[in-house]
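**Student:** Got a structure for you, written out below as structure tokens; questions coming shortly.
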Amino acid sequence: MADGGMVIVGAGECGARAAQALREAGWSGAVTLIGEESLPPYERPPLSKALMVAAGEPQVAHPLTRDAAAQKGIDLLLGARVAEIDREAHAVILADGRRISYVKLLLATGARPRRLAVPGADSRDVLYLRSFADALAIRERLRAGARLCVIGGGFIGLEVAASAVARGCRVTVVEVTPRILMRGVPAPLAELIARRHEQAGVRFRVGAGIARISESAGTVKIGLADGDEIECDVIVAGIGAAPETLLAARAGLAVENGIRVDDRLRTSDPDIFAAGDCCSAPHALYDGRRIRLEAWRNAHDQGNLAARNMLGGDQRYEAVPWFWSDQYEMTLHVAGLADQATKHVKRDLGDGAELHFHLAGDGRLLAASGFGPLGKVAREIRLAEMLIQKGAKPAPDQLAAPEVKLKSLLNA
Amino acid sequence: MSNAGWIETCRADEIDEEDVLRFDHGSLTLAIYRSADGKYYATDGLCTHEQVHLADGLVMGDIIECPMHNGRFDYRTGEAKGAPVCVNLKTYPVKVEGGRVLVQIG
Ligand SMILES: Cc1cc2nc3c(=O)[nH]c(=O)nc-3n(C[C@H](O)[C@H](O)[C@H](O)COP(=O)(O)OP(=O)(O)OC[C@H]3O[C@@H](n4cnc5c(N)ncnc54)[C@H](O)[C@@H]3O)c2cc1C
Ligand code: FES
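From first to last, the protein sequence lines stand for chains W and G.
Residue numbering for the first sequence follows my numbering, starting at 203 and increasing by one per position.
Residue numbering for the second sequence follows my numbering, starting at 50 and increasing by one per position.
If you want it as structure tokens, here you go:
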């Protein structure tokens with residue numbers, strides 16, 4: 203094995219992109235991509251969507267196949283866990299004892315589902331979703347007529363709920379906070395999304411804490427904090443994900459809601475970078491606030507950026523945060539961070555589709571969110587994203603008016 | 050001149066400048082573009098990455114950007130402009146006659 207090149211830990215979306223970006227940027231030395239999972243890098247977003255409902259044999263898409271890796275001269279080590287980083291010697295040590303030395307190292311270790319911490323949560327009927335294997339296990343349990351209880355009204359939980367409805371399951375979603383999608387989605391859109399789920403027959407219990415989970419005679423019971431009980435056949439818990447920081451912390455790298463990196467994605471060790479779901483970075487567009495995203499495009503963009511900076515580039519991470527979620531025939535797109543907005547403007551797109559713009563006190567557009575058919579929402583949010591990137595201060599009455607093209611505001 | 054293999058699609062004024070429209074013909078889905086300088090182009094309608102309708106995406110200059118993962122193509126040549134898209138789009142000859150956009154698919 204070629205030593206002394208670029209080493210990437212974590213063969214997920216971000217690691218796979220970074221490995222290829224190193225080649226695209228002209229690096230001809232060794233590239234080693236090390237992943238704990240046995241599958242080549244694959245797309246996670248379909249796991250809760252298309253893969254759950256697909257009629258035939260479930261399949262995943264690979265952003266980097268074994269063949270492509272070989273062709274690009276990327277050493278793909280799968281089923282291999284990095285146990286330790288020897289910063290002094292510039293080497294990673296695998297669980298089986300192998301050492302691989304690096305010139306620069308990228309940590310793209312992702313995140314893992316948070317576990318429910320209530321009595322009975324270790325039940326075999328409580329499932330989590332992160333990997334392909336997780337998705338197959340859940341799919342297997344979502345038989346027509348099965349009663350599914352989703353714990354957590356976030357994206358993954360709601361996508362699983364929508365997929366379960368499509369598979370003929372009866373679905374209840376339990377959320378501890380006062381509404382679904384508390385994190386990242388403004389209230390009026392969350393309301394719209396909840397209505398769509400209710401139309402499909404999904405029942406919601408919001409503001410409901412979980413006290414315990416118990417099992418008897420083949421059914422599972424969720425004991426709520428208020429004393430109520432929900433009976434079901436299977437539980438999917440989607441209560442967020444924790445960044446995978448163990449390796450970094452053990453190596454003495456700074457950790458702060460994820461592996462701490464600067465705006466060049468460098469950790470506290472200049473020869474080690476981190477990117478994707480595992481890291482938190484200061485964001486220039488939001489007053490340098492440290493943010494950690496769990497989003498496909500961020501993993502992709504940061505993978506590209508980290509690769510260029512590993513090769514001596516000096517590019518700043520400043521892309522507008524963006525993510526999507528698909529539920530039923532609808533899609534949700536959110537660009538930017540809305541939490542510090544003081545003014546909210548709605549644009550009605552017809553066909554039940556809405557855009558919401560979120561502005562700062564000084565009129566700057568901070569975020570935009572939209573829910574509706576992809577064809578109505580996607581390009582508008584993309585244009586809004588460009589307005590956000592520019593620091594534009596569009597007039598609220600123009601944002602509200604469907605006949606005013608966002609493209610015209612961009613060129614203004 | 051023969052019109053064999055040409056199909057009539059949308060009206061020329063149905064597409065804004067620097068915009069795109071979806072047109073289905075049997076099992077074929079096309080994306081038809083009008084550039085900022087008023088020229089017309091046509092490509093396959095589905096992204097070569099994950100089969101998403103490109104007409105739901107955004108046209109910027111000579112680029113169509115896919116709404117799903119922002120894969121970019123030059124819609125004049127079909128050229129894929131980099132990850133996540135690496136397979137070029139098929140393009141089709143286009144002409145405008147009598148206010149209608151004609152595309153040669155055969
Ligand atoms: C079900 C699901 C649906 C999603 N849907 C959407 C969506 O609709 N829209 C959206 O924007 N985002 C979505 N996401 C989020 C998106 O998939 C993630 O943001 C993206 O996968 C992050 O990429 P990553 O490479 O940072 O991390 P990951 O994809 O998690 O990859 C990290 C990899 O590192 C490996 N690893 C960790 N530690 C080690 C170690 N010590 N040694 C070796 N390997 C290690 C892990 O096994 C893992 O394979 C979804 C995620 C899930 C799980
Ligand atoms: S589907 Fe078009 S870029 Fe992925």
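Glycine residues also receive a C-beta, built at the ideal position from the N, C-alpha and C atoms.
As the structure is a prediction and not an experimental result, all values here were calculated from the model.
Assuming Val255 (chain W) and Val387 (chain W) make a contact with CB atoms under 8 angstroms, what is their CB distance in whole Å?
**Tutor:** As a position in the first sequence, residue 255 (chain W) is number 53, starting the count at 1. As a position in the first sequence, residue 387 (chain W) is number 185, starting the count at 1. That belief does not hold up - the Cβ atoms of Val255 (chain W) and Val387 (chain W) are roughly 23 angstroms apart, past 8 angstroms.
**Student:** Quick test of your reading: Val152 (chain G) and Leu79 (chain G), contact by CB under 8 angstroms. State the CB separation rounded to the nearest angstrom.
**Tutor:** For the purposes of this step, residue 152 (chain G) is taken as residue 103 along the second sequence, with counting starting at 1. For the purposes of this step, residue 79 (chain G) is taken as residue 30 along the second sequence, with counting starting at 1. 6 angstroms between Cβ atoms; contact.
**Student:** Can you give me, in chain order, the residues of the stretch 574-588 of chain W that have a beta carbon less than 8 angstroms from any beta carbon in chain G?
**Tutor:** Within the stretch 574-588 of chain W, the residues whose Cβ lies closer than 8 angstroms to some Cβ of chain G are Leu576, Gly577, Ala580, Arg581, Arg584 and Leu585, listed in chain order.
**Student:** Just to be sure I understand the criterion: a residue counts if its Cβ is closer than 6 angstroms to at least one heavy atom of ligand 3. Which residues meet that?
**Tutor:** Ligand 3 is not among the ligands present in this structure, which contains only ligand 1 and ligand 2.
**Student:** Nearest to Ile287 (chain W) by CA position, among W:Val211, W:Glu215, W:Leu426 and W:Ser527, is which residue?
**Tutor:** Residue numbering aside, residue 287 (chain W) sits at position 85 when the first sequence is read from its first letter. Per the Cα distances, W:Val211.
**Student:** Is the beta carbon of Ala285 (chain W) closer than 8 angstroms to that of Leu278 (chain W)?
**Tutor:** Sequence index remark: in the first sequence, residue 278 (chain W) carries index 76 (1-based). Sequence index remark: in the first sequence, residue 285 (chain W) carries index 83 (1-based). Not closer than 8 angstroms, so no.
**Student:** Looking at the secondary structure, which residues open and close the beta strand (DSSP E) in which Glu556 (chain W) lies?
**Tutor:** As a working mapping, residue 556 (chain W) is identified with position 354 in the first sequence. Note, Glu556 (chain W): beta strand (DSSP E), Ala555 to Leu561.
**Student:** Would Pro472 (chain W) be called buried (16 or more neighbouring beta carbons within 10 Å of its own) or exposed?
**Tutor:** Indexing the first sequence from 1 puts residue 472 (chain W) at position 270. So Pro472 (chain W) ends up on the exposed side.
**Student:** Does DSSP put Met203 (chain W) in a helix, in a strand, or in coil?
**Tutor:** Translated into the one-based positions of the first sequence, residue 203 (chain W) becomes position 1. Note that Met203 (chain W) scores a pLDDT of 42, beneath 50, so its modelled location is shaky; the value from the coordinates is reported in the next line. Three-state DSSP puts Met203 (chain W) in coil, outside helix and strand.
**Student:** At a Cβ threshold of 8 angstroms, is Ala263 (chain W) touching chain G?
**Tutor:** Here residue 263 (chain W) is taken as the residue at index 61 of the first sequence, counted from 1. Chain G contact via Cβ: present.
**Student:** If the cut is a Cβ gap below 8 angstroms, which residues of chain G does Gln591 (chain W) touch?
**Tutor:** Counted from its first residue, the first sequence places residue 591 (chain W) at position 389. In chain order: nothing, as chain G lies at least about 13 angstroms away.
**Student:** Cβ of Cys434 (chain W) within 8 angstroms of Cβ of Leu309 (chain W)?
**Tutor:** Your numbering for residue 434 (chain W) matches position 232 in the first sequence. Your numbering for residue 309 (chain W) matches position 107 in the first sequence. Result no, Cβ atoms of Cys434 (chain W) and Leu309 (chain W) do not sit closer than 8 angstroms.
**Student:** Cβ closer than 7 angstroms: which chain W residues qualify as neighbours of Ala132 (chain G)?
**Tutor:** Position 83 of the second sequence, counted from the first residue, corresponds to residue 132 (chain G). Neighbours of Ala132 (chain G) on chain W, chain order: Arg219 and Gln222.
**Student:** Can you check whether the C-beta of Arg499 (chain W) is within less than 8 angstroms of a C-beta belonging to chain G?
**Tutor:** Position 297 of the first sequence, counted from the first residue, corresponds to residue 499 (chain W). For Arg499 (chain W), the answer is yes, since a Cβ of chain G falls inside 8 angstroms of its Cβ.
**Student:** I'd like to confirm the pairing. Which residues does DSSP put opposite Cys173 (chain W) in its beta bridges?
**Tutor:** This structure gives no information on residue 173 (chain W), because the portion of chain W shown stretches from 203 to 614.
**Student:** Helix, strand or coil for Asp68 (chain G) per DSSP?
**Tutor:** One-based indexing of the second sequence puts residue 68 (chain G) at position 19. Of the three classes helix, strand and coil, the one that applies to Asp68 (chain G) here is strand, per DSSP.
**Student:** Let me make sure I understand the geometry here. Which of W:Gly312, W:Asn500, W:Ile353 and W:Ala348 has the alpha-carbon closest to that of Tyr330 (chain W)?
**Tutor:** Position 128 of the first sequence holds residue 330 (chain W). If we check each option's Cα against that of Tyr330 (chain W), W:Ile353 comes out closest.
**Student:** Determine, for Asp105 (chain G), whether the minimum Cβ-Cβ distance to residues of chain W falls below 8 angstroms.
**Tutor:** What you label residue 105 (chain G) is simply residue 56 of the second sequence in a count that begins at 1. By this cut-off, Asp105 (chain G) is an interface position.
**Student:** Can you tell me whether DSSP reads Thr421 (chain W) as helix, strand or coil?
**Tutor:** Mapped onto the first sequence, residue 421 (chain W) falls at position 219. In the structure shown, Thr421 (chain W) sits in a strand (DSSP, three-state: E or B).
**Student:** Of all Cβ atoms in chain C, is any one closer than 8 angstroms to the Cβ of Glu63 (chain G)?
**Tutor:** Included in the structure are the protein chains W and G, with no chain C among them.
**Student:** Under 8 angstroms between C-beta atoms, does His118 (chain G) make it to chain W?
**Tutor:** As a position in the second sequence, residue 118 (chain G) is number 69, starting the count at 1. His118 (chain G) counts as touching chain W.
**Student:** So, at 8 angstroms on beta carbons, what are the nonlocal neighbours of Asp111 (chain G) in its own chain, with the 5 sequence-adjacent residues on each side left out?
**Tutor:** The residue given as residue 111 (chain G) occupies position 62 in the second sequence. Cβ within range, chain order: Ser84, Asp123, Tyr124 and Arg125.
**Student:** For Arg289 (chain W), list the residues DSSP reports as bridge partners.
**Tutor:** Sequence index remark: in the first sequence, residue 289 (chain W) carries index 87 (1-based). Beta-bridge pairing links Arg289 (chain W) to no other residue.
**Student:** Measuring only the C-alpha atoms, how far is Ser325 (chain W) from Arg414 (chain W)?
**Tutor:** In the first sequence, the residue the question calls residue 325 (chain W) occupies position 123. In the first sequence, the residue the question calls residue 414 (chain W) occupies position 212. Those two C-alpha atoms are separated by around 11 angstroms.
**Student:** Leaving out five residues before and five after Gly281 (chain W) in sequence, what residues of the same chain have Cβ atoms less than 6 angstroms from its Cβ?
**Tutor:** As a working note, residue 281 (chain W) is residue 79 in the first sequence. Closer than 6 angstroms at the Cβ level, and outside the excluded window around Gly281 (chain W), lie Ser240.
**Student:** Can you have a look at Lys595 (chain W) and say buried or exposed, based on whether 16 or more other CB atoms are within 10 angstroms of its CB?
**Tutor:** In the first sequence, residue 595 (chain W) corresponds to position 393, counting from 1. Lys595 (chain W) is exposed by the Cβ-count criterion.
**Student:** Grouping DSSP H, G and I as helix and E and B as strand, with all else coil, what is Pro248 (chain W)?
**Tutor:** By 1-based counting over the first sequence, the position of residue 248 (chain W) is 46. Looking at Pro248 (chain W) - three-state DSSP - the assignment turns out to be helix.
**Student:** Could you pull the start and end residues of the alpha helix (DSSP H) that Ala368 (chain W) belongs to?
**Tutor:** For the purposes of this step, residue 368 (chain W) is identified with residue 166 of the first sequence, where counting begins at 1. Element bounds for Ala368 (chain W): Phe357 to Ala368.
**Student:** Report buried or exposed for Gly538 (chain W), applying the criterion of at least 16 other Cβ atoms within 10 angstroms of its Cβ.
**Tutor:** On the first sequence, position 336 is the one that residue 538 (chain W) refers to. Gly538 (chain W) comes out buried.
**Student:** Quick check on Arg405 (chain W): does DSSP put it in helix, strand or coil?
**Tutor:** Reading the first sequence from its first residue, position 203 is the one you call residue 405 (chain W). Correct three-state label for Arg405 (chain W): strand.
**Student:** With DSSP as the reference, label Leu612 (chain W) as helix, strand or coil.
**Tutor:** Residue mapping note: residue 612 (chain W) aligns to position 410 of the first sequence, counting from 1. DSSP places Leu612 (chain W) in helix when its eight states are reduced to three.
**Student:** Using the beta-carbon count (16 or more within 10 Å), is Gly54 (chain G) buried or exposed?
**Tutor:** For the purposes of this step, residue 54 (chain G) is identified with residue 5 of the second sequence, where counting begins at 1. So Gly54 (chain G) counts as exposed.
**Student:** Taking DSSP as the reference, what is the three-state secondary structure of Pro216 (chain W)?
**Tutor:** Position 14 of the first sequence, counting from 1, holds the residue named residue 216 (chain W). Looking at the sequence provided, one finds Cys at residue 216 (chain W) rather than Pro. Three-state result, Cys216 (chain W): helix.
**Student:** Bridge partners for Met532 (chain W) per DSSP, in chain order?
**Tutor:** By one-based count along the first sequence, residue 532 (chain W) stands at place 330. DSSP output for Met532 (chain W) lists W:Gln529 as bridge partner(s).
**Student:** With a threshold of 16 other CB atoms inside 10 Å of the CB of His74 (chain G), please say whether the residue is buried or exposed.
**Tutor:** Stepping through the second sequence from its first residue, residue 74 (chain G) is reached at position 25. By the 10 Å Cβ count, His74 (chain G) comes out exposed.
**Student:** Kindly examine ligand 1 and report whether one of its heavy atoms sits closer than 7 angstroms to the Cβ of Thr311 (chain W).
**Tutor:** Along the first sequence, one-based indexing puts residue 311 (chain W) at 109. Thr311 (chain W) Cβ: within cutoff of ligand 1.
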